[in-house]
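A short write-up of the structure that comes next.
Chains as they are written, first to last, in this note's numbering: chain A, -5 to 292; chain B, -4 to 360.
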């Protein structure tokens, strides 16, 4: 039982990171209809910016985190303005390929600036742990849940109550009708990239916390967040959060139990578990758990 | 039949309509064949090997174009099928020591079977959902390649020493006019002969009833269904054909490279193939070949000229220096961005536009 609670908690912390990345996918997808492959690069970029602000420039950690998220958002918005803006109305396939191109370029820029070796983010949490009953909880994971919770609440409040959030929802629902009503759709596009890059940055920072955990490879988390996004439904922000948490928990539980209980599946089956789960769920519900069913007409 | 130049490009009769090429004369084709035959003698072994890899990529690229470009099913799972082909060929050729005429079709068959098993799953999924699920396919396939060590050698990779004789002729030691060709030259002929065969067959296929049905599915699947196109049949068929071409390319890749490792068949390879058809031209058979040449040749070219570019180190990455590998990736990314911003329909479309311009000259359209 203790094991189970321990693994579930670790799974939730991992899932919170997936949820942040997946939310970024969903926000951009809702606004522009594009799956943003560059999301992983924004994850890494956020973590490296936090490293730069905190370790290189000596800014206090939490301030550095806020600055990194904002800077990440700014770079995301800048990318949209510089490149993707030109592609509005072009074939979606070409736009998606362009985000792949951005992923390659950004990843290499990152290794060019900060090198290949693993770095210390210098977070105040390190290896600290708190014990609740028999369960040992890493402080890092607790903070991850707190930060992710704050940001997600903030996002949903913004999306639900602010006029810009309303504009985003309107543009997602019907671009032309929103434009006719005076919604600045271009601003919505830029804003959605900013939000996506910002939440990705936070995911990157929480992922890079701990000793020597910051390496260029952390962008790969975005690939594991694909199943989270799809599981919840491509166009459902709440679905992204649920999907992220489910994938996180299932993955850690698999890592904990499968090698002993189902050994014939191999030792690192947990790595592909998110994809297996995604495929199984999609076979039953082709638009994910909360995704909008496509209405088709002839 | 010779048409007057005023009619070029216009269909006037059924015979015109079913022409394989609208504007290519037999002379042009003949010239291309002769140039192709002569090319290995003009190229260094290094250049030949680049051309071989490009040809292999062209075969798989044409396959993916059939699925994504002509049937509209975006697949990021192509790497998995290349892997299936590579390991099947390695097993048939190296373990069982079967000849080329068995291991190459065998690999294509295995790829087709796997595609046929996966195709029906794809029927339920549409557009972006399918694209992401095929990413899952790549990860699962890679996991199998890593775990099934008796066949794949797992993370140690495996060597491939498949026989390359076709009947009495050994591809790796062709003799022309008493001169023995190098391995790379021999492979050049084998691979590009296959590219020609595959391109011609595909070009014919997409003009046929089957190809038209596929394109109807791409353009609007429900409407296609309403006019009597069996969706399930053509989607699965597209999967089978595309994955068997991918597997054949994988088989050639394994045997030419003589060594394969699970990490080769990663999502990166799938993305490269999407880039090949994206940059080459979606839904244009010729686009797969152009894209393959472009995407394969560019990194090798950068490797060649990298010593003369400042800030590039050939060793591991130090601060302020960029490795050749990094530079490659970055330039690859930049090229994709630039190309698609300028011409979202790809290189082949650029060519078609230029041709159209001259054909319609002096009118602008």
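Yeah, the Cβ is synthetic: ideal placement off N, Cα and C, and Gly gets one too.
Computed from a predicted structure; not experimentally measured.
- Here residue 169/B is buried, its C-beta having at least 16 other C-beta atoms within 10 Å.
- When 7 Å is used as the limit between beta carbons, residue 151/B is near no residue of chain A, the shortest such separation being about 16 Å.
- In this structure residue 68/B is buried. Its beta-carbon is surrounded by 16 or more other beta-carbon atoms within 10 angstroms.
- In the three-state reduction of the DSSP assignment, residue 77/A falls in the coil class.
- With contact defined as three or more Cβ pairs closer than 8 Å, the segment 6 to 19 of chain A and the segment 213 to 221 of chain A are in contact.
- For residue 69/B, the residues of chain A that pass the 9 Å Cβ criterion are 87, 90, in the order they occur in the chain.
- Taking a contact to require three or more Cβ pairs closer than 8 Å, the segment 66 to 77 of chain A and the segment 185 to 197 of chain A qualify as touching.
- If you look at residue 125/A, you'll find it in the beta strand (DSSP E) that goes 123 to 126.
- For residue 193/A, the uninterrupted alpha helix (DSSP H) segment begins and ends at 179 to 202.
- Take the alpha-carbon of residue 195/A and the one of residue 62/A: they are about 7 Å apart.
- DSSP places residue 154/B within a strand segment (E or B) once states are collapsed to three.
- Taking a cut-off of 8 Å for Cβ pairs, the segment 34 to 43 of chain A and the segment 204 to 219 of chain A touch, as three or more such pairs fall below it.
- Distance check between residue 27/A and each of 84/A, 159/A, 44/A, 157/A places 84/A closest, using alpha-carbon atoms only.
- Excluding its 5 nearest sequence neighbours in each direction, residue 234/B has C-beta neighbours in its own chain below 6 Å: 110, 114, listed in chain order.
- Among the residues facing chain A, residue 60/B is not included, as its CB has no counterpart in that chain under 9 Å away.
- Annotation: residue 52/B has no Cβ neighbours in chain A at a cutoff of 7 Å; minimum Cβ distance is about 16 Å.
- Note on geometry: alpha-carbon atoms of residue 326/B and residue 130/A lie some 47 Å from one another.
- Three or more pairs of CB atoms, one per stretch, sit closer than 8 Å, so the segment 120 to 131 of chain B contacts the segment 274 to 289 of chain A.
- Boundaries of the alpha helix (DSSP H) harbouring residue 95/B: 95 to 117, taken from the DSSP string.
- Think of a sphere of 9 Å around the beta carbon of residue 217/A: the chain B residues whose beta carbon falls inside it are 130, 134, 262, in chain order.
- Counting only runs of 3+ residues, no beta strand (DSSP E) is found wholly inside the segment 95 to 123 of chain A.
- By the Cβ test, the segment 270 to 287 of chain B is not in contact with the segment 317 to 324 of chain B, since fewer than three Cβ pairs between them sit closer than 8 Å.
- Within the same chain, and ignoring the five residues on either side of residue 97/B in sequence, the residues whose Cβ sits closer than 7 Å to its Cβ are 87.
- Judged by DSSP in its simplified three-state form, residue 224/B adopts coil rather than helix or strand.
- The beta carbon of residue 101/A falls within 9 Å of a beta carbon belonging to chain B, placing the residue at that interface.
- A distance below 7 Å between beta-carbons, with the five flanking residues on each side excluded, links residue 203/A to the following residues of its chain, in chain order: 115, 117, 119, 134.
- Residues of the same chain with a CB within less than 7 Å of the CB of residue -3/A, apart from the 5 flanking positions on each side, are 250 in chain order.
- Contact between the segment 258 to 270 of chain B and the segment 28 to 36 of chain B is absent, with fewer than three C-beta pairs closer than 8 Å.
- In the structure shown, residue 358/B adopts coil according to DSSP, grouped into three states.
- At the C-beta level, residue 95/B and residue 160/B come within 9 Å of one another.
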